[in-house]
Ligand code: MG
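In the working numbering, the protein residues as written are 28 to 207.
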C-alpha cells in the first residue's frame, strides 16, 4: 500500500538484518557479486545476505511488508532467484511511495572470505542497482570475534530515504524560474 503522500515526512530511515549459513557446493554471492570461495550461502534464493538486508532496509523505511512476506521461501518461483530482483522491487516501491534512496550503509559480519578485495566491486554493484553514486554506498566487513559464528554470514544495513521533489512525482511544477 503506498504511503499517503500528504502525510509524508521529508526523510525516512530503514534498517535491515539478515543471516545465512555457509554451505558447500553453493556459489558465493554477496552484494550481487560472485566471489570465489569454497562455500556459498544457503537459502531458497541465491542466498545473497547483503542484498536481502538492503531490501529489508528499503521496505522497512516505507513500512512495506518485508522480504519474506513479498517473496516467500515457500513459493517455488523464488528458488535460486537472483536477489537483485528483490532489491529492484523494493527500490520501485520506495519510488512509488514518493521517495528516493539517499544512501545506504552496511556492515557484513563473516569469518571468511576476506571482503576487502571485493569491497569496491560490491559497492559499485549495489550503487548501480540503487541508481546511487558509489560514495553513497558504505560497506564495512567485520569478523565475528567472540561470537562463535564462523559458519554464518550476517548483514546489517541502514538506508536513508528522501522525499522526491513534487515535480518528479508527476505534479505540476509550481516554482517559477529565477530571473537572471
Ligand atoms: Mg536472506
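Virtual Cβ for every residue (Gly too), placed ideally from N, Cα, C. Just so it is clear, the structure is predicted and the values come from calculations on it, not from any experiment.
- Can you grab the Cα-Cα spacing for the pair residue 228 / residue 69, in whole Å? The displayed coordinates of the chain run from 28 to 207. Any statement about residue 228 would go beyond what the structure contains.
- Message: To the nearest angstrom, how far is the alpha carbon of residue 161 from that of residue 152?
- Response: Numbered from its first residue, the chain shown carries residue 161 at position 134. Numbered from its first residue, the chain shown carries residue 152 at position 125. Rounded to whole angstroms, residue 161 to residue 152 spans 9 Å at the Cα level.
- Message: One question on the structure: do residue 131 and residue 164 come within less than 9 Å of each other, judged by their Cβ atoms?
- Response: Along the chain shown, one-based indexing puts residue 131 at 104. Along the chain shown, one-based indexing puts residue 164 at 137. Going by C-beta atoms, residue 131 is nearer than 9 Å to residue 164.
- Item | Three CB pairs or more closer than 8 Å across the region 32-52 and the region 71-87 | yes
- Message: At a threshold of 8 Å, does residue 74 count as lining the ligand MG (C-beta to nearest heavy atom)?
- Response: Walking along the chain shown from the start, residue 74 turns up at place 47. True, at least one ligand heavy atom lies under 8 Å from that Cβ.
- Message: Report the CB separation of residue 80 from residue 155 in whole angstroms; it is logged as a contact under 8 Å.
- Response: Translated into the one-based positions of the chain shown, residue 80 becomes position 53. Translated into the one-based positions of the chain shown, residue 155 becomes position 128. Actually they do not touch by this definition, with Cβ atoms about 18 Å apart.
- As assigned by DSSP and simplified to three states, the class of residue 58: Position 31 of the chain shown, counting from 1, holds the residue named residue 58. In the structure shown, residue 58 sits in coil (DSSP, three-state: anything other than H, G, I, E or B).
- Query: Apart from the five residues on each side of it in sequence, which residues of its chain come closer than 8 Å, Cβ to Cβ, to residue 38?
  - Reply: Walking along the chain shown from the start, residue 38 turns up at place 11. Counting only Cβ-Cβ distances below 8 Å, and skipping sequence neighbours, we find 129, 187, 188, 189 and 190.
- Message: Shorter than 8 Å, the distance from the beta carbon of residue 94 to the closest heavy atom of the ligand MG, or not?
- Response: Translated into positions along the chain shown, residue 94 becomes position 67. Result yes, Cβ under 8 Å from the ligand MG.
- By DSSP, does residue 113 sit in helix, in strand, or in coil? As a first step, residue 113 must be located in the chain shown, where it is residue number 86. The answer is helix: DSSP assigns residue 113 an H, G or I state.
- Message: By the DSSP assignment, the alpha helix (DSSP H) with residue 155 in it spans what residues?
- Response: Here residue 155 is taken as the residue at index 128 of the chain shown, counted from 1. Residues 143-157.
- Query: Is it right to say residue 173 is buried, meaning 16 or more other beta carbons lie within 10 angstroms of its own, or is it exposed?
  - Reply: Taking the first residue of the chain shown as 1, we reach residue 173 at position 146. Exposed, because fewer than 16 other Cβ atoms sit within 10 Å of the Cβ of residue 173.
- Item | Near the ligand MG: residue 102 beta-carbon under 8 Å from a heavy atom | For this step, residue 102 is matched to residue 75 along the chain shown. Outside the cutoff, so no.
- Message: Once DSSP output is grouped into helix, strand and coil, what is the label at residue 86?
- Response: Here residue 86 corresponds to residue number 59 of the chain shown, with the count starting at 1. Three-state DSSP puts residue 86 in a helix.
- Alpha-carbon to alpha-carbon, residue 51 and residue 118: Within the chain shown, the letter at position 91 stands for residue 118. Within the chain shown, the letter at position 24 stands for residue 51. Distance between the alpha carbons of residue 118 and residue 51: 32 Å.
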